[in-house]
Amino acid sequence: MKRRVSGILTLAATAALLTGCATTAATDAKETSAPKETVAIATSSFDAPVAFTESFGTDDLSMQVWSAVVADETVIGTLGEPEAGNVWVSTTTATKSTSTDLVDTDVAPVLRSTSDETVAYEAVSPRENEIPLATANQSYSFQWAFQVPEDKAVAEDLVICLNDAEGAELGCSAIIK
């Protein structure tokens, strides 16, 4: 019985101590915002893409390429075999938006080849559901896959571009270092 009482008292003392640590004077109880991380957004285009991992786009919508795999067979399990003569190219990007009413597919990038300026490869999401970008200026990481003809699937020739809702190019990035 003595052990049980001392255990309860120890638990009560610990709870009181933790409660005291969790609360401070009323003047210190104000919520403070975390410092905002600012990343320079480089000006870029299809003809002058930014380097791999640099931010590109606008202050309202920006992206960074974090990784890319040409002829990526790992997405076959999710998306199936590419059409005959094509391979999957996958990328992982970080996207930030000031808007809170967008979903991942609204900001899907486009993959283009510098060896053929007339063609753009549309992003395919390997996710079953759309992901809302519910918090403004929050960085969201997304994987995207693109079906690219085998002869155009040359990493050095591929750039990823971000477009606005009307299809106007906001900027582009190389997909490899």
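Residue numbers for the sequence shown follow this note's numbering, so the first one is -1 and each next one is one higher. Here a beta-carbon is modelled for each residue, glycine too, at the ideal position from N, C-alpha and C. All values derive from a computational prediction rather than experimental measurement.
Check                                                                                                      : Outcome
Expected contact under 8 angstroms - CB spacing of Phe54 and Asp102 to nearest Å                           : 18 angstroms between Cβ atoms; not a contact.
Thr51 versus Val67, Gly165, Val63, residue with shortest Cα-Cα distance                                    : Val63
Beta-bridge partners of Phe54, as assigned by DSSP                                                         : Ala40, Met61
Residue environment, Ser65, which counts as buried when at least 16 other CB atoms sit within 10 Å         : exposed
Buried/exposed call for Ile74, threshold 16 Cβ in 10 Å                                                     : exposed
Continuous alpha helix (DSSP H) stretch holding Thr76: start and end                                       : 74 to 77
Contiguous beta strand (DSSP E) assignments of at least 3 residues, all confined to the stretch 112 to 147 : 114 to 120, 138 to 147
Reference Ala143, options Leu100, Ala49, Pro107, closest by Cα                                             : Pro107
Length of the line joining the Cα atoms of Ser137 and Val146                                               : 27 angstroms
First and last residue of the uninterrupted beta strand (DSSP E) at Glu167                                 : 167 to 172
Cβ separation of Thr112 and Asp155, assumed to be a contact under 8 angstroms, to the nearest whole Å      : 5 angstroms
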